[in-house]
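A.B. asks: Residue numbers (the working numbering), protein chains in the order written: chain R, 37 to 344; chain E, 37 to 344; chain Y, 37 to 344; chain F, 37 to 344.
Glycine included, every Cβ here is placed at the ideal spot set by N, Cα and C.
Computed from a predicted structure; not experimentally measured.
Protein chains: 4
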Amino acid sequence: MICNDRETLRVMVEEANKLTKHGKVADYIPALKTADRDALSIAVYEEGTCASAGDIQEKFTLQSISKVLSLALALMDNGEEEVFSRVGMEPTGDPFNSIIKLETHSPSKPLNPMINAGALSVTSMIHGGSVEERLGRLLTFIHELTGNPSISYNEEVAKSEYETADLNRALVYFMKQHGVINENSETLLELYTKQCAIEVNCEDLAKIGYVIANEGLHAESQRPVIPLHIARILKTFMVTCGMYNASGEFAIRVGIPAKSGVSGGIMASVPHRVGIGIYGPALDEKGNSVAGMQLLEVLSQRYDLSIF
Amino acid sequence: MICNDRETLRVMVEEANKLTKHGKVADYIPALKTADRDALSIAVYEEGTCASAGDIQEKFTLQSISKVLSLALALMDNGEEEVFSRVGMEPTGDPFNSIIKLETHSPSKPLNPMINAGALSVTSMIHGGSVEERLGRLLTFIHELTGNPSISYNEEVAKSEYETADLNRALVYFMKQHGVINENSETLLELYTKQCAIEVNCEDLAKIGYVIANEGLHAESQRPVIPLHIARILKTFMVTCGMYNASGEFAIRVGIPAKSGVSGGIMASVPHRVGIGIYGPALDEKGNSVAGMQLLEVLSQRYDLSIF
Amino acid sequence: MICNDRETLRVMVEEANKLTKHGKVADYIPALKTADRDALSIAVYEEGTCASAGDIQEKFTLQSISKVLSLALALMDNGEEEVFSRVGMEPTGDPFNSIIKLETHSPSKPLNPMINAGALSVTSMIHGGSVEERLGRLLTFIHELTGNPSISYNEEVAKSEYETADLNRALVYFMKQHGVINENSETLLELYTKQCAIEVNCEDLAKIGYVIANEGLHAESQRPVIPLHIARILKTFMVTCGMYNASGEFAIRVGIPAKSGVSGGIMASVPHRVGIGIYGPALDEKGNSVAGMQLLEVLSQRYDLSIF
Amino acid sequence: MICNDRETLRVMVEEANKLTKHGKVADYIPALKTADRDALSIAVYEEGTCASAGDIQEKFTLQSISKVLSLALALMDNGEEEVFSRVGMEPTGDPFNSIIKLETHSPSKPLNPMINAGALSVTSMIHGGSVEERLGRLLTFIHELTGNPSISYNEEVAKSEYETADLNRALVYFMKQHGVINENSETLLELYTKQCAIEVNCEDLAKIGYVIANEGLHAESQRPVIPLHIARILKTFMVTCGMYNASGEFAIRVGIPAKSGVSGGIMASVPHRVGIGIYGPALDEKGNSVAGMQLLEVLSQRYDLSIF
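(1) Check whether the stretch 122 to 132 of chain E and the stretch 74 to 81 of chain E are in contact - that is, three or more C-beta pairs closer than 8 angstroms.
(2) Is the beta carbon of F:N148 closer than 7 angstroms to that of F:G115?
(3) For the stretch 203 to 220 of chain R against the stretch 198 to 208 of chain F, do three or more pairs of beta-carbon atoms, one drawn from each stretch, fall closer than 8 angstroms, so that the two count as touching?
(4) Would you call R:Y189 buried or exposed, if buried means 16 or more other Cβ atoms sit within 10 Å of its Cβ?
(5) With distances taken Cα to Cα, identify the nearest neighbour of R:I288 among E:F273, E:F286 and E:R289.
(6) Give me the subset of the stretch 192 to 213 of chain R whose CB atoms are less than 9 angstroms from a CB atom of chain F, sorted by chain position.
(7) List the whole-angstrom C-beta distance separating Y:A249 from Y:G311, where the pair is believed to meet the contact cut-off of C-beta under 8 angstroms.
(8) What are the residues in the stretch 283 to 309 of chain Y lying within 8 angstroms of chain E by C-beta distance?
(9) Are the stretch 68 to 77 of chain Y and the stretch 313 to 332 of chain Y touching by the rule of at least three beta carbon pairs closer than 8 angstroms?
(10) Counting only runs of 4+ residues fully inside the stretch 216 to 265 of chain R, write out the alpha helix (DSSP H) ranges in chain order.
(11) Does the stretch 252 to 270 of chain F come close enough to the stretch 86 to 96 of chain F to have 3 or more Cβ pairs within less than 8 angstroms?
(12) Identify whether E:T182 lies in helix, strand or coil by the three-state DSSP scheme.
(13) Would you decide whether R:K103 is buried or exposed? Buried here means 16 or more other CB atoms lie within 10 Å of its CB.
(14) Opposite F:S325 in the DSSP bridges: which residues?
(15) Relative to the C-alpha of E:V247, which residue among E:G328, E:Y339, E:F177 and E:E197 is closest?
(16) Determine the contact status of R:V216 and R:S157, defining contact as a CB-CB distance below 7 angstroms.
(17) Decide if F:K212 is buried, meaning its Cβ has at least 16 other Cβ atoms within 10 Å, or exposed.
(18) Using the three-state DSSP reduction, which class does F:M161 fall into: helix, strand or coil?
(19) Show which residues of chain Y have a CB atom less than 9 angstroms away from the CB atom of F:V247.
(20) Compute the Euclidean distance between the alpha carbons of E:E285 and Y:R173, then round it to the nearest angstrom.
(21) Anything in chain Y within Cβ reach of E:I136, meaning under 9 angstroms, just list it in chain order.
(22) Mind listing the chain F neighbours of Y:D130? Cutoff is C-beta to C-beta under 8 angstroms, in chain order.
(23) Is the CB of F:M279 under 7 angstroms away from at least one CB in chain Y?
(24) Identify the residues that DSSP records as bridge partners of Y:S305: which are they?
(25) Compare the beta carbon distance of R:V290 and R:E333 with 7 angstroms and say whether it is the shorter of the two.
(26) Is DSSP giving E:T128 helix, strand or coil here?
(27) Please state whether the Cβ-Cβ distance between Y:E226 and Y:V298 is less than 7 angstroms.
(28) Could you check how far apart the C-beta atoms of E:S106 and E:I187 are, in whole angstroms? I think they sit under 8 angstroms.
(29) For R:Y198, tell me which candidate among R:A233, R:G183 and R:T182 has the shortest Cα-Cα distance.
(30) Is F:A108 closer than 7 angstroms to F:R42 when the C-beta atoms are compared?
(31) Give the straight-line distance between the Cα atoms of F:M112 and F:R122, rounded to the nearest whole angstrom.
(32) Relative to the C-alpha of Y:S19, which candidate in Y:S221, Y:I101 and Y:T200 has its C-alpha closest?
(33) Using 7 angstroms as the limit for Cβ to Cβ distance, is E:I343 near chain R?
(34) How would you write the range of the beta strand (DSSP E) that E:A108 sits in, first residue to last?
(35) Excluding sequence positions up to five away, which residues of its chain have a Cβ less than 7 angstroms from the Cβ of E:V306?
(36) Mapping DSSP to helix, strand and coil, what is E:Y64?
Set out below in C-alpha cells:
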C-alpha cells in the first residue's frame, strides 16, 4: 500500500507543507523557539522504513510523545492495578496543563496519563534508584523499540524546561498533598524534563509507532517488546486523549491512534498495519503540528486507515 | 465465531447475571423504577440474529442510546459543518448533565453530542415542521435500521421525563441565551423526551449496532442506510464518550464502540463484524449496566473484538 | 455636613461627570440602550432632601437595586430562617449571572441574594396570590419607603427583559431541579423582570437609602418601616456584595453600604447618617456607574463616611 | 460599657463554653492537635485590658490571623498600588486553600489577601534581605502593636507546617509561573510558616485589634503605628473575608471586623471602640472557633457593636 506509492507520499507532503505558514513554532520553552517553522518530514514503517519524505534524519525532542513511553514502562514496572490507582483512564475537556480537576475531583488523582498531571504521576512510578538509572531504563526501552542505541536526551532543552517548570511543580506539589505522588519533587521534575527532552527522528518514531500498532512485537525480531494488553492500552489513550484538546476531532477526521508533542512531532499507530513518525514544528493553537495533522488526514482517507 | 458458540454465550450471561445484585435500577425517572433489576439479555447480530440469551423480546426505552440516532439523522439533515458549529467533538471529564463547561468554554457550545447539552443541541437540528413530524422522521429512520415498523415511544415514560426535565430545561435556556439553540424550549424538550422514550428490544439494538458497525449498510438489503462517513463519526463518539464518565476505562477494558442508556440498554458496534444489543437495568454508580459491561468485556476478550 | 455645603456637591458632580466618557451605557437590555451616557445626578437625604445636583427628577429603572428591596420584603414575609434556607449569605468571586456554583456547591442554593440566582430565589418567596398582588405589595412597600405613591414599573423595559431572560430562565430551572425554587418559572420571571423595571428617581433612592441607613425608621414619621435587624442585614449585603465583582474594592475605597444596577443607579446608606441616590448610566466593565462610584469615593473622603 | 460589667462577661464565657463540645481541634497541622478543646478565654481592650475571662495568658499561634499583620506591613513597605497589583480586593466563595480561581481568573492574581494564595503573595512583598530580617521586621511590628517584646514564633509549629506545606507550595509555584510571585519558593514558605507560628495570647490580640479599631493609633502612646487608610483596609478585609467561608454570615450575625485562625484564635476590632482577643480551639467545620463566634455574637447584641 503506502510503501508502493512513494511519489504519492512526496506530493502529499508538498501539499501539506503549504499549511505551515498558518502555524507557529512553540515559544514557551526557550530551546524550542529556534525550530524551522517550514520543516515537514514523515517516515512510514512497515518492515523496514517503507516510505518517507523530507529530512527524516532531523532530530527533535519527544515532549508529550514521551508520555506514551513512560506509561508503557510504568505499566510494565508496576502492573495495571497499581498504575491506575494513581492515574485515571478518562479523557478530559480541560487543557493539558490544567490543575482544576485535581481540586474538584474526588479522589484527586489526575484524569489520564496524557495530561501533564497524569504524566507526572506516571513518571514517578518508573522504577530505579536514581534519576540516571530510571532515565537509563527508559532510554534502553526506547533503544530496544527503535533499534537505535544512539538515542539520548538534549541537555539544553532539558535544562531549559526544568528551569521553567513552575506550573508542573504546582501540579506535583498538589498531588503530593493528596498522596498521589510520594517522591521528591525536584527528582521527579528532573526525570520528567529529561524524558521530555529525549531526541529522536521521524524514523525512530515510525518504528516505535509500529511496535505499538502490531501488538507490541518488534518489527524485525518479532519478539514481544511491549505486552499485548499494554500496547492496546497505549493505543486507546492515543485515541481518546493523544492530540490534546483536539483528540475528539482528530479521531473523527483521521481515526488513527496518535500522540503529538509541542516540538512538532506526531507518532501514529495504525493497528495491525503501520507506524508513522512525523515532524512539523509549526503548531496550531491547540499545540498540534498543523501540517502533520493534515498529512495524517490525507493518508487516512487515501489508504483507509481509520479504525472506525 | 460468536454465532457458532451459543452455549458459551448462555454461560457468559449466566455468569454476568451474578453482578446485577451490585447495581441498582435508575430511580430519578419515575417510570424506570419498576424495571426488574435481575433481568439480563443479549442479542448478537451478524446477518440475522445469530445468537442471543435471555428474553430478547423484552422492551425498554432507548434513553441516552437515542443520542447516537438523533446525531445520525441531524448529520444527514444538516451536514457535518452545520452540526459541528453547534456541538463540539471533544470528550469531557464532566458529568453527562453538567452545565459548567457551557459557562466556562468559549464559544459556549456543548463539548460533544453524548452529554445532555450536546444531545439537546443535536435534536434541535432534526428537520421537520412539528414535533410529530420530526419524531416521525426519527422513528422511520429506526424502522429502516431495524426492519421493525412497530417501534414507537412509550408515552408514560416520555410524559414522566418531560415533567421532571428541569435540568435539561436549564441547559436549553443557557444555550438559547448563547444562540446555540434557537427553537422553542418546550417544543424541543417534548421532542427530546419522546426520543429518549423510544422503545426497542435487544434484537432491534443489535441490528442498529450492526448497521453502524458495517459502514452504514443494511444487513439484509446491503443498501446504505447511513452514509459511511457518518457511521464512522458515530463509532468515534461511542468510543470517546459513549459510556458516560467510564468511557475511557471501557475503551481500555473492552475496546468496542458502545453507547449505554439509564434504562440499562447498551448498543455496541464491532467494526466490520457484529452489532450487539444488551438489556440489563441494574446500573453502576456511573449509570452503565453492570452486568452488560461485564458481558461485553468477557465477549471482547474471548473473541478478540477490541479495535485497539 | 453635606447639606450645608451644596456648592461643594455641585463641583464634585461636575468633576465626576468628566468620567462618563470612559463608561458605556448597558446594551444587553434593549430598552436601556437609549439612556444619555453623560447624565449624572445625585440626591442626598437627611431629613428632607438636603442636597442635590443634576436632574434628580429623571426616572430610571431599579434593576439590581431592586434585589435589596425584594430581600427586605421576603425577610418580612418569611423570617430569616426560611429565607436563608433558600439563599446563602456568602459573597462570591463569580460573576453576578454565573450558574457554576449552583452545580459545584452542596447544597446547591445560591450563594447570596445579590447575584441573579439568589435574587430569583428571594423574589419567589414574596407572598401573594398572583404576580399583580405580589408586585403590588412590593410597590406599596416602596411607596411607604419613599412617600412617593406614583412609583410604578416601566412596562416596555419589563417586557424587553422578560423576552431576553433566557439566562435567568436557566438559573430558575436549575434551582427548580434542586428544590430551591418551587413555583412556575414564567410566573417568577414575570414578577422578577417587573421588579427590576420599577422606575424611581434619585430622590426616591436617597429616601430608601436613608431608611436602611437609619435602622429602618421612616425619615419623616420616624415609624419603623423595616425592622432593625433586617435593615442591618441589607447593609451587610450591600457591603459584601452590593457592587458586583467590585464590591471588595468599593468597600476599601469608599466604605459605604451601596447597591448598584445596570441602569446606572446607585443607592447608598451611611449608617446613622444619610441616604444617597445617584443616577449615572455610563457603566464601567463591571456594570457599575463610573461617575457614580467616583462621586461616592470623593464624598466618603471629604465627609469621612466610611464605616471602617 | 463592656469594661464596667465584668460579671456579665464571665457569665457569657461560661455559656459559650458549652458549645466547645460541638467543635473539634484542628488536626491537619500535627502540632495543633494537642490543644485543649474546652479552653475558652477572651480579652477586651479599651485603654488597658478592661475586661477578661479565662486564662488570657495562654499562648497560641496566630495562623491565619497573621494575614492581617503581614498585609499591614506589606502595605507600609510597598504602598497600595504595588500590593494590589499582586493581590485582589474581592471576596470569594471558594475555600481558603483553593487553587481554581488562579487558573480561571485573568489575570491570575489571587482574589484577596485572606485566602492562602493571596497571603503568600502578600508575605512575599515584606521587605528585607533574609528570612530572619523579614520575620524580625514583622515581629518588631507586632512588639510595637502589643507593647510585648517577648512575642516570638513557635519553632515546632513552624517546622511542622513547613514540612506539610505541599498545598501552599503548589499555590506558590502556580503564582511563580504567572509572575505574581518572584522569589524562591522555599524562602517564602519558610517565612510564611514562621509568620503563621507567631505565638500570642488573648491580651496581645486584643491590643492589636484595638489599634486596628482606632485608626491605627497606639492605645497608650496615641502614636500612629499603622497609617489610618491602612487600618481601614484591614478592617474591610476582616469584614468581607476574615472568617473563611462564613464571613458573610458572621457579618450579618455579628457585624464586627474580625479574623480567625485554625489555632482557635479570633482578633476583632470594633471601629472607634474596642479590640478583642479570643482563644477557643474547638473549631466548627469551616475552621472558626465555635465558642468564640458565639461569644462575639452575644457581645455584639448586648453592647450594640455591629457596624451595620
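C.D. replies: In short, the structure shows the following:
(1) no
(2) no
(3) yes
(4) buried
(5) In this structure, E:F273 is the residue among E:F273, E:F286 and E:R289 with its C-alpha nearest to the C-alpha of R:I288.
(6) Listed by position along the chain: T200, A201, D202, L203, N204, R205, A206, L207, V208, Y209, F210, M211, K212 and Q213.
(7) 5 angstroms
(8) none
(9) In short, these stretches touch, since the Cβ pair count reaches three.
(10) DSSP runs (the alpha helix (DSSP H)) wholly in the stretch 216 to 265 of chain R: 221 to 232 and 238 to 249.
(11) no
(12) helix
(13) buried
(14) DSSP output for F:S325 lists F:L319 as bridge partner(s).
(15) E:F177
(16) yes
(17) buried
(18) coil
(19) Here the premise fails: no neighbours, minimum Cβ distance about 14 angstroms.
(20) 57 angstroms
(21) I135, I136, E139 and T140
(22) G129
(23) no
(24) Residue pairing from DSSP places Y:S305 in a beta bridge opposite Y:G311.
(25) yes
(26) coil
(27) no
(28) No, E:S106 and E:I187 are not in contact; Cβ-Cβ is about 15 angstroms, not under 8 angstroms.
(29) R:A233
(30) no
(31) 15 angstroms
(32) In the structure as shown, chain Y begins at 37 and stops at 344. Residue 19 of chain Y is therefore absent and cannot be evaluated.
(33) Closer than 7 angstroms: yes.
(34) Careful: E:A108 lies outside any beta strand (DSSP E), inside the alpha helix (DSSP H) at S102 to R122.
(35) The answer, listed in chain order, is A249, I292 and L341.
(36) coil
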